[in-house]
Structure formats: C-alpha cells, structure tokens
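Participant:
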Amino acid sequence: MTQPIRKLLVANRGEIAVRIIRAAKALGIPTVAACSEADIDSQAARLADEVHLLGPARADKSYLNIEALLGALQATGANAVHPGYGFLSENAGFAEAVIASGAIFVGPDPDTIRRMGDKAEARRTAQAAGVPVVPGSPGELFDVESALRAAESVGYPLLIKASAGGGGRGIRLAENAAQLSEEFPRSQREAQAAFGNGAVYLERFIGKARHIEVQVLGDGKNAVHLFERECSLQRRRQKIFEEAPSPVLDAQQREALCASAVRLTESLGYKGAGTLEYLYDDVTGEFFFIEMNTRIQVEHPVTELVTGIDLVQAMLRIAGGEPLGLKQSDIRLNGSALQMRLNAEDPARDFFPSPGLVESLAWPQGEGVRVDTHLYEGYRVPPYYDSLLAKLIVHGPDRSTALARARTAVAQTLLTGMASTLSLHAELLQQPWLQTADFHTGTLENWLSARRSGGEA
Ligand code: ADP
Ligand code: ADP
Ligand code: MG
Numbered sequence: 001m002t003q004p005i006r007k008l009l010v011a012n013r014g015e016i017a018v019r020i021i022r023a024a025k026a027l028g029i030p031t032v033a034a035c036s037e038a039d040i041d042s043q044a045a046r047l048a049d050e051v052h053l054l055g056p057a058r059a060d061k062s063y064l065n066i067e068a069l070l071g072a073l074q075a076t077g078a079n080a081v082h083p084g085y086g087f088l089s090e091n092a093g094f095a096e097a098v099i100a101s102g103a104i105f106v107g108p109d110p111d112t113i114r115r116m117g118d119k120a121e122a123r124r125t126a127q128a129a130g131v132p133v134v135p136g137s138p139g140e141l142f143d144v145e146s147a148l149r150a151a152e153s154v155g156y157p158l159l160i161k162a163s164a165g166g167g168g169r170g171i172r173l174a175e176n177a178a179q180l181s182e183e184f185p186r187s188q189r190e191a192q193a194a195f196g197n198g199a200v201y202l203e204r205f206i207g208k209a210r211h212i213e214v215q216v217l218g219d220g221k222n223a224v225h226l227f228e229r230e231c232s233l234q235r236r237r238q239k240i241f242e243e244a245p246s247p248v249l250d251a252q253q254r255e256a257l258c259a260s261a262v263r264l265t266e267s268l269g270y271k272g273a274g275t276l277e278y279l280y281d282d283v284t285g286e287f288f289f290i291e292m293n294t295r296i297q298v299e300h301p302v303t304e305l306v307t308g309i310d311l312v313q314a315m316l317r318i319a320g321g322e323p324l325g326l327k328q329s330d331i332r333l334n335g336s337a338l339q340m341r342l343n344a345e346d347p348a349r350d351f352f353p354s355p356g357l358v359e360s361l362a363w364p365q366g367e368g369v370r371v372d373t374h375l376y377e378g379y380r381v382p383p384y385y386d387s388l389l390a391k392l393i394v395h396g397p398d399r400s401t402a403l404a405r406a407r408t409a410v411a412q413t414l415l416t417g418m419a420s421t422l423s424l425h426a427e428l429l430q431q432p433w434l435q436t437a438d439f440h441t442g443t444l445e446n447w448l449s450a451r452r453s454g455g456e457a
C-alpha cells in the first residue's frame with residue numbers, strides 16, 4: 001500500500017524548507033521547492049533539485065493554496081509532500097487532497113490531524129487515554145450563559161481558547177465573570193475570523209507553570225518518546241528560547257510525563273513525528289496536557305542534539321512505509337541543548353517587524369554549535385511571512401557548558417542590515433534566573449516589561 005518516496009515536494013519556506021531538503025538529500029530523495037514569487041531567490045530554491053512556482057507572494061495565493069500545491073505535484077511528478085510547520089501542516093483537508101491525488105502526506109493520517117487539531121476534542125482524547133488535562137469546560141461552548149455556568153466549576157482566572165487556535169493566537173484571559181461576559185463573544189468572533197471556526201472552550205489559567213512538551217515518533221503501530229523540551233520562555237505565548245531536557249524534571253517525573261505521552265500517542269495509532277504540550281507545576285509536580293502538534297516543531301533541533309536522532313529523516317522514512325526501527329531503550333538522553341530564535345524583530349522597539357537586506361553575516365562555530373537558517377549575504381528577507389531568520393542551537397555535556405557555548409555563539413554571530421532578537425538573547429543569557437532555570441511561562445514578559453519601565457527584573 002505504502003510506496004517509497006521517489007521525489008519530495010517541500011510545501012514550505014524559510015529555514016524549515018532548507019532543513020527538509022537537507023534531510024531528503026541525506027536519504028537520497030530528490031526535492032522540489034514549491035515557492036512563491038517572493039521566494040524564487042531563496043536558499044531553499046537554490047538547494048532543491050527543482051523549483052516550482054506556486055503563485056504570488058501572498059500566502060493565500062501560494063503556500064496556503066491547495067490547488068496550486070496539487071498542481072505542483074502533478075507538474076513535477078513528486079509523489080510526496082512535506083508540509084513543515086505553520087501554513088498547511090495541520091490542515092486535514094490538505095492532507096486528504098494530497099492522499100486523494102495518489103501522493104504521500106508526510107505526517108499522520110487526516111483523521112488524526114483533524115482530531116488533535118481541534119483542541120477541545122484533543123482534551124477529550126487525552127482524558128480517555130488517562131492523561132490529565134488542565135481543568136476546563138467539558139467541551140466547546142456556544143453562548144455566554146453556558147460559559148458563565150461552566151466557569152463556576154473551572155474557576156477564575158481562566159483562559160478562553162479557540163478550539164482551532166495555534167501559533168499563540170486565539171487565547172484570552174478573563175479574571176472574573178464580568179470579563180468573561182465581555183470577552184466571550186469577542187473570542188468567538190475572533191476565532192471565526194482567524195481560523196474559520198468560532199468554537200471556543202475554557203481552561204483554568206495556571207499562572208506559574210512551565211511549558212514542557214514531549215517529542216514522540218510513531219509508525220502507526222508502535223510509538224516512542226524522545227524525551228522532553230522546556231519552552232517556558234515565551235513572548236505573547238510564542239516560544240523564544242527552548243531547551244532539552246527540562247532542567248527541573250527528575251528521572252521519575254520525566255518517566256511519568258513521557259510515558260503519558262506515549263500512551264496518548266499509541267491510543268491514536270499515530271504515524272510520524274508529533275509533540276504533546278503540557279503545563280507543569282514544579283511546586284506540586286503535577287502536569288496537564290494542553291495540546292498536540294501533529295507536525296515537526298520549530299524547536300525540534302534541541303531534541304535531535306540530545307538524542308542523536310534526525311527527526312525529519314525519521315518522518316520521511318515513516319511516511320515511505322518503513323517501520324519505526326527504534327525501541328524505547330535505544331533512545332538515550334545525552335547532555336543539554338539550547339535553542340535561541342533569531343527573529344527579524346526589534347527588541348528595542350517593542351519587537352516591531354524589521355525585515356531587510358542581509359548586509360553582512362557570520363555564524364558561530366566551534367564544538368556543539370548548530371545553525372539552522374535560510375539566510376545568506378545579499379538576501380532580502382521578504383516582509384510577507386513569519387519573522388524567523390535563524391535558530392542558534394548549542395549542545396554540551398551539561399547545561400552550564402551549553403550556556404557558556406550559547407554566550408560564545410551569540411557573541412560570534414554577526415548580522416547587519418536589520419534589527420533582530422540577537423541582542424535580546426545576549427542579555428537573556430546574562431540573567432541569573434535563566435542560569436538557575438528559575439522561570440515560568442510569564443517570566444520573560446515580566447522581565448521585558450520591567451526593562452521597559454527602566455527597572456531590573
Ligand atoms: P512551535 O511549537 O513549533 O513553536 P508554533 O505553534 O509556534 O509551533 O507554530 C510554528 C509556526 O507555525 C509558527 O511560525 C507559527 O506562527 C505558525 N502557526 C502555528 N499555528 C498556526 C495557525 N493556526 N495559524 C497560523 N500560523 C500558525
Ligand atoms: P497554541 O496552539 O497557540 O500553541 P497553547 O494551548 O499551546 O496554544 O498555548 C500557548 C501558550 O499559552 C502555552 O505555551 C502557555 O504558555 C500558555 N497557556 C496555554 N494554556 C494555559 C493555561 N491553561 N494556563 C496558563 N497558561 C497557558
Ligand atoms: Mg502550543
């Protein structure tokens with residue numbers, strides 16, 4: 001039934017398109033970069049064996065254009081699509097259309113994408129697998145009266161979350177019933193406009209939690225975990241600095257968390273790479289599932305460095321019909337890895353977008369240093385897409401060595417022509433609470449606002 005991948009269409013752009021092409025080359029699979037007009041001179045287009053033009057720069061005319069992507073498969077004879085992250089990566093309709101055209105979608109089957117992409121449904125699925133979720137409404141809510149009733153047992157403060165939300169969007173805080181009455185219809189309207197689905201649900205707001213997530217791989221029959229990543233340092237609910245493993249879990253907590261993720265993954269008959277996100281309370285040691293991302297994640301490299309497993313190659317192998325070929329006992333945790341996201345945003349101007357021309361560029365070197373990027377000197381970063389420029393990733397035998405390597409790597413990096421979050425990372429790496437890992441999901445924003453008002457965090 002499953003066919004081997006003969007030629008791979010890369011339905012994405014930026015650093016992840018380059019990353020996917022690199023994995024395909026390692027496996028001897030020819031690639032097609034499916035590009036918008038704005039990305040014709042991109043590194044992915046230079047690196048791929050073939051380039052196929054999808055359409056104009058606007059994402060809805062190119063990277064979100066299902067017809068154009070199906071056309072690209074036909075025109076190039078590619079028999080598989082890797083969707084990367086963002087864009088159509090969690091769009092079940094796209095996966096279905098690819099499969100209906102006779103090609104392979106590199107990811108789980110459409111039903112699984114649909115089920116876990118609906119966050120209220122994902123919560124129910126987790127509960128059925130015996131995985132604890134954040135206390136919340138039993139399911140979607142459709143009017144203010146039922147939201148107010150549900151809130152009595154959920155408790156305040158709470159979050160109103162869009163079932164179809166993602167990328168840190170579609171989440172609002174309500175501290176009391178009056179705010180809930182006001183915010184609830186707004187959330188519904190916003191969710192409808194942003195995700196084409198107005199369904200929302202309630203979740204208790206956990207103020208001092210860590211974001212810890214578990215990487216899994218499955219082949220439809222068996223599943224394994226590749227340990228966890230700590231992603232608590234966020235701005236606007238988007239990750240900025242990530243690491244593996246979490247600096248706060250002991251072996252027993254790690255085992256409990258990762259085992260719950262494998263249980264849920266196996267209950268889905270999951271095929272491919274996935275991530276189960278949790279909130280972790282380091283006072284009580286309790287963890288609560290929040291959502292599953294049925295795709296490769298931006299921060300996957302830290303897991304690759306501590307396990308030695310190439311996740312994108314694993315995705316391609318599984319999609320081509322190979323069994324997992326990995327036992328849990330084969331997967332070992334080695335040292336500590338950190339990732340710093342360089343975004344084209346100006347930390348001195350409230351993270352105002354700052355795409356521009358890459359004038360000069362130098363990447364760090366040395367032991368345990370990896371850079372995932374699509375930049376090159378003379379490249380003009382287009383203003384239409386995600387602001388991610390590069391990921392600086394370091395690995396060391398322990399966390400303090402990794403931190404020292406991170407400081408050197410940041411100091412070695414030169415990027416002129418635009419503002420970026422490089423300067424933020426230089427400062428971040430000096431903070432005592434980063435060094436002791438004494439932080440939660442609100443820490444980075446608290447620190448940023450203390451800095452803005454001139455104080456020290
Ligand atoms: P990760 O956990 O890998 O960091 P994110 O949730 O931050 O994943 O999303 C990865 C990328 O996909 C980001 O560039 C984000 O902007 C984008 N993204 C994720 N979900 C959506 C969505 N529903 N709509 C638009 N963009 C999204
Ligand atoms: P998205 O799909 O946008 O990634 P998530 O449900 O993963 O949405 O939430 C994004 C971030 O918001 C989390 O990483 C966490 O920092 C914060 N968050 C989510 N749910 C809660 C909660 N119940 N309490 C506190 N913070 C939360
Ligand atoms: Mg999330």
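full-length UniProt numbering numbers the first residue of the sequence shown as 1 and each following residue consecutively. We treat Cβ as the ideally placed atom computed from N, Cα and C, and that holds for glycine.
1) Whose CB is closer than 6 Å to a heavy atom of ligand 3? List the residues in chain order.
2) Which of the three DSSP states, helix, strand or coil, is assigned to Asn343?
3) Considering only residues of the same chain and omitting the five flanking positions on each side of Ile160, which have a CB-CB separation below 7 Å?
4) Confirm the yes/no value for this check: CB of Ile212, any heavy atom of ligand 2, distance under 7 Å.
5) Given a cut-off of 8 Å, decide if Ala223 and Glu266 are closer than it, judged by their beta-carbon atoms.
6) Going by alpha carbons, who is nearest to Pro383 out of Arg124, Phe352, Ile393?
7) Given the structure, does Gly167 come close to ligand 2, in the sense that its CB is under 7 Å from one of the ligand's heavy atoms?
8) Can you confirm whether the region 208-217 touches the region 227-236 when touching is taken to mean that 3 or more C-beta pairs between the two stretches lie within less than 8 Å?
9) Over what stretch of residues does the alpha helix (DSSP H) that includes Phe195 continue unbroken?
10) State buried or exposed for Gly55, treating a residue as buried only when at least 16 other CB atoms are found within 10 Å of its CB.
11) Once the 5 residues before and after Ala126 are set aside, which same chain residues still bring their CB inside 7 Å of it?
12) Does the distance between the C-beta of Ala150 and the nearest non-hydrogen atom of ligand 2 fall short of 7 Å?
13) DSSP three-state label for His425, please.
14) From Leu158 to Glu90, what distance separates their C-alpha atoms?
15) How would you write the range of the beta strand (DSSP E) that Gln127 sits in, first residue to last?
16) When burial is assigned at 16 or more other CB atoms within 10 Å of the CB, is Ser453 buried or exposed?
17) Taking only runs of the beta strand (DSSP E) that begin and end inside the region 208-288, which ones reach a length of at least 3 residues, in chain order?
18) Who does Leu414 pair with in a DSSP beta bridge?
19) Are the region 402-414 and the region 325-333 in contact at 8 Å, needing three or more beta carbon pairs?
20) Check whether the region 318-326 and the region 1-10 touch, using three or more Cβ-Cβ pairs below 8 Å as the test.
21) Just curious, the alpha helix (DSSP H) that Ile99 is in, first and last residue?
22) Leaving aside the five residues before and after Arg399 along the sequence, list all residues of the same chain whose C-beta is less than 7 Å from its C-beta, in chain order.
23) Quick check: does the Cβ of Gln339 come within less than 7 Å of any heavy atom belonging to ligand 2?
24) Using a threshold of 8 Å, state whether the C-beta atoms of Gly218 and Gly272 are closer than that.
25) Tell me Glu50's beta-bridge partners as DSSP assigns them.
26) Is the separation between the beta-carbon of His409 and that of Pro347 shorter than 8 Å?
27) Name the residue from Arg317, Arg204, Val98 whose alpha carbon lies nearest to the alpha carbon of Leu279.
28) Could you tell me whether any non-hydrogen atom of ligand 2 is closer than 7 Å to the CB of Asp206?
29) Is there contact between the region 9-26 and the region 59-77, where contact requires at least three CB pairs shorter than 8 Å?
30) Within 10 angstroms of its Cβ, does Ser36 collect 16 or more other Cβ (buried), or is it exposed?
Facilitator: So, from the listed chains and residues:
1) Glu277, Glu291
2) By one-based count along the sequence shown, residue 343 stands at place 343. Three-state DSSP puts Asn343 in a strand.
3) Here residue 160 corresponds to residue number 160 of the sequence shown, with the count starting at 1. Excluding sequence neighbours, Ile160 sits near Arg172, Ala174, Glu183, Phe184, Ser187, Val200, Leu202.
4) For the purposes of this step, residue 212 is taken as the residue at position 212 of the sequence shown. The closest heavy atom of ligand 2 lies 7 Å or more from the beta carbon of Ile212.
5) As a first step, residue 266 must be located in the sequence shown, where it is residue number 266. As a first step, residue 223 must be located in the sequence shown, where it is residue number 223. Contact: yes.
6) The sequence position of residue 383 within the sequence shown is 383, counting from 1. Ranking Arg124, Phe352, Ile393 by Cα distance to Pro383 puts Phe352 first.
7) On the sequence shown, residue 167 is found 167 positions in, with the first residue counted as 1. At a threshold of 7 Å, Gly167 counts as near ligand 2, since its beta carbon sits closer than that to one of the ligand's heavy atoms.
8) yes
9) Taking the sequence shown and counting its residues from 1, one reaches residue 195 at position 195. Its alpha helix (DSSP H) spans residues 177-195.
10) Within the sequence shown, residue 55 is the residue found at index 55, counting from 1. Buried, since its Cβ has 16 or more Cβ neighbours within 10 Å.
11) Along the sequence shown, one-based indexing puts residue 126 at 126. Val133, Leu264, Phe289, listed in sequence order.
12) For the purposes of this step, residue 150 is taken as the residue at position 150 of the sequence shown. Result no, Cβ not under 7 Å from ligand 2.
13) Position 425 of the sequence shown, counted from the first residue, corresponds to residue 425. Note: His425 maps to helix in three-state DSSP.
14) Locating residue 158 in the sequence shown gives position 158, counting from the first residue. Locating residue 90 in the sequence shown gives position 90, counting from the first residue. The alpha-carbon atoms of Leu158 and Glu90 are separated by roughly 26 Å.
15) Within the sequence shown, the letter at position 127 stands for residue 127. Here Gln127 belongs to no beta strand (DSSP E); instead the alpha helix (DSSP H) covers 119-128.
16) In the sequence shown, the residue the question calls residue 453 occupies position 453. A residue is called buried when at least 16 other Cβ atoms come within 10 angstroms of its Cβ; Ser453 does not meet this threshold and is exposed.
17) Listed in chain order, they are 210-219, 223-235, 238-244, 271-280.
18) For the purposes of this step, residue 414 is taken as the residue at position 414 of the sequence shown. Partner residues in the beta bridge of Leu414, as assigned by DSSP, are Ala362.
19) no
20) yes
21) Here the question's residue 99 lines up with position 99 in the sequence shown. It spans 92-100 - the alpha helix (DSSP H) in which Ile99 sits, taken as one unbroken run.
22) What you label residue 399 is simply residue 399 of the sequence shown in a count that begins at 1. Here Arg399 has Pro247, Ser336 as same chain residues with Cβ atoms under 7 Å from its own Cβ, once five neighbours each way along the sequence are excluded.
23) To locate residue 339, count along the sequence shown from 1; it is residue 339. Not under cutoff, so the answer is no.
24) As a working mapping, residue 218 is identified with position 218 in the sequence shown. As a working mapping, residue 272 is identified with position 272 in the sequence shown. Their beta carbons are under 8 Å apart, which means Gly218 touches Gly272 by this criterion.
25) Here residue 50 refers to the residue found at position 50 of the sequence shown. Its beta-bridge partners are Val32.
26) For the purposes of this step, residue 409 is taken as the residue at position 409 of the sequence shown. For the purposes of this step, residue 347 is taken as the residue at position 347 of the sequence shown. Checking the displayed sequence, the identity of residue 409 turns out to be Ala instead of His. In this structure, Pro347 does not lie closer than 8 Å to Ala409 by Cβ.
27) For the purposes of this step, residue 279 is taken as residue 279 along the sequence shown, with counting starting at 1. For Leu279, the nearest C-alpha among the options comes from Arg204.
28) Residue 206 sits at position 206 when you count from the first residue of the sequence shown. At residue 206 the sequence reads Ile, which differs from the Asp that was named. Ligand 2 approaches Ile206 closely enough that one of its heavy atoms is under 7 Å from the residue's Cβ.
29) yes
30) Along the sequence shown, one-based indexing puts residue 36 at 36. It is buried - the Cβ of Ser36 has at least 16 other Cβ atoms within 10 Å.
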